[in-house]
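Just below is one structure, and these are the notes that go with it.
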Amino acid sequence: MNLRRIGFVVLLAIPPLLAALYAGGTTIPGGNFEPWAPAMIDLDVYRRTGDLVLRGQDFYHVEAWLPWIYPAFAALLSVPFAIMPLAMAQWVWLGLNVACLMAMLHRLGLKGAQLSLAATAIVWLVEPVRETLGFGQLAIFLVTAAVLDSMPGPTVFNRRLLPEGWLVGVATSVKLTPALIAAYNFFAGKRKAGIVSFITFLACTAIGFVVLWGPSLTYFGMLLSGDSGLNSGIVFKTNQSVLGVWTRLMGEASRGGLVLSVLVAVLGLVAAVLMHRAGEVAYALCLAGLTSLLASPISWSHHYVWIVPFGIVLLRNQRLPEYLRIAGLFYSIWTAFAPFKLLPGDNNVELTYAPLHMLVDNFGVYLGVAILIGSIVAAYTPWGRDRRRAQLHLRNGEAITAET
C-alpha cells in the first residue's frame, strides 16, 4: 500500500471518525461533546482492569457498578489502554472501531466514497454501532474479526497472511460467543478453519493461564458454576436474547430458558450450515453470528452489530428467496432503530408489561428465530435443492479443472 493510497484511506475515514467522536461523546447519558467528555463506561472497566493487572491485584471481585466479565486473556489486552491517558485511550478506541467498521464494509464490497458515506451513516443511525461507540464496547471488534476471517470478498492483501480461523479463535478467547462461528465453519466443511480457531483459542487461553493463573482459574470456575457476572440483568428490556425473552415471560431465568437457548443455538447452526452448502456463504456467516447473540444468556441490544453485514448482504444478494430477504431486512431495520428502548425499564418493570409492550420488547428475538427457521425451510424447497445441485456441479468442475 503506497503513501497515496494511505492518504486516500485516511481521507475516507474522516467523516465516520467525526461521527464516531460525536456518538462517543453524546450517546450515553453523562457524556458531552463540547467540551468532549464521553461516558465510555465499558472502556473505563477495561482500563480499570488493565491497571489492576499491572498492580497484580484481583480484578474479578471489585466493588464497582460494572464488573469484569471476560476471560483473563482479555484482561491482558486491556493493559495498553490502562497505560494511556484517558483522553488518548478514548480517541484510540474510537479510531480502532472506525477502522474495523470500514474494513468490514470493504470486505462486503463497498469502496471509495460509498464506503465512507455508508460508514458515517451507520455510525449515526444504527443503534448497536452508535451505542457500542458510546459505551466503549467490544462488539464491532468481534464482528469484524469474524467477517475478515470467514466472509468472502475483497481483501487488502493478495493472500492470507495467517490461516482462516485465527481471528475467530482470538475473538473467542476474549468473549466466548464467537465460538459458534468456529463451530459453523467446522460443520459447514471448513474443518481446517474450525480447528485453527480451536487451537488459537487454546493458545490464547494458555497465555492467560501462564501470565494470570489465579484470575484464569477464577473465571472458568465462575463459568462452570453458571455465574456470568451479570445474572441480575437478564430480565432487562435491552437483553435481546432467548433467555431474556423467557425470563420476561416466565418471571425467572429457569432451566427451561437455558434449554431453549441451546435449542436455538443448534437451530441456528443447522440453518447456517445448510445455507453455506447452498452457496450462500456470506448469509450463512451472518446467521451464525446472529445465532451466537440469540442463544447467549445476555445479549444487549448494542451487541447486535451483526445486523450491519447481515443487512448489506441482504441488500446486495438477489438470489435468496424473497420472503427471507424481506424478513431479514425488516429485522435489520427493527434492530437498527431499537424501538423497544422507548418502553419503561429497570427495577424489574419488564415483568409487569402489558401484552403489547411485551410483544414489542420481544419481537426482535421472535423474528430472529423465525428467520433461522425460514432459512432451514428454504434449504429444503426447490430453491435450496437447485442451489445445492449448482454448488455440487461447481465443485466437480473445479476438481476436474485441477486434475487437468
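Counting with the numbering used here, you get residues 37 to 440 for the letters of the sequence shown. Positions of the beta carbon are idealized from the N, C-alpha and C atoms, including for glycine. Quick caveat, the model's predicted, so the values are computed rather than measured.
Item: Pair within 8 Å by beta-carbon distance, residue 315 and residue 426; Value: yes
Item: Cβ-based burial, residue 71 [other Cβ within 10 Å; buried from 16]; Value: exposed
Item: Backbone secondary structure at residue 108 - three-state DSSP; Value: helix
Item: Proximity test, residue 72 beta-carbon vs the ligand NAP heavy atom, cut-off 7 Å; Value: The ligand NAP is absent from the structure shown, which contains no ligands of any kind.
Item: Residue 383, DSSP secondary structure in three states; Value: coil
Item: Backbone CA spacing between residue 514 and residue 59 [nearest angstrom]; Value: Any property of residue 514 remains undetermined from this structure, which presents the chain solely from 37 to 440.
Item: Whole-angstrom C-beta distance between residue 141 and residue 155, which should lie under 8 Å; Value: 6 Å
Item: First through last residue of the alpha helix (DSSP H) which encompasses residue 360; Value: 358-373
Item: Residue environment, residue 328, which counts as buried when at least 16 other CB atoms sit within 10 Å; Value: buried
Item: Three-way DSSP call (helix, strand, coil) for residue 458 in this model; Value: Past the edges of the chain, shown from 37 to 440, lies residue 458, and the structure says nothing about it.
Item: Rounded C-alpha distance that separates residue 388 from residue 66; Value: 29 Å
Item: Ranges of the alpha helix (DSSP H) found wholly within the region 278-338, counting only runs of at least 4; Value: 278-286, 291-313 and 317-331
Item: Closest by C-alpha distance to residue 84, when choosing among 44, 125 and 367; Value: 125
Item: Residues near residue 162 by beta carbon distance below 6 Å, same chain, minus five either side; Value: 372
Item: Among 62, 113 and 57, the one whose alpha carbon lies nearest that of residue 81; Value: 113
Item: Where the alpha helix (DSSP H) containing residue 346 begins and where it ends; Value: 343-352
Item: Start-to-end residues for the alpha helix (DSSP H) that takes in residue 170; Value: 163-171
Item: Three-state secondary structure (DSSP) of residue 194; Value: coil
Item: Under 8 Å between C-beta atoms of residue 275 and residue 343; Value: no
Item: Rounded distance between the beta-carbons of residue 145 and residue 189, thought under 8 Å; Value: 6 Å
Item: Where residue 429 falls, given that 16 or more other Cβ within 10 Å makes a residue buried; Value: exposed
Item: Cβ pair residue 230, residue 219 closer than 8 Å; Value: yes
Item: Buried versus exposed call for residue 74 [16 or more other C-beta atoms within 10 Å across all chains shown]; Value: buried
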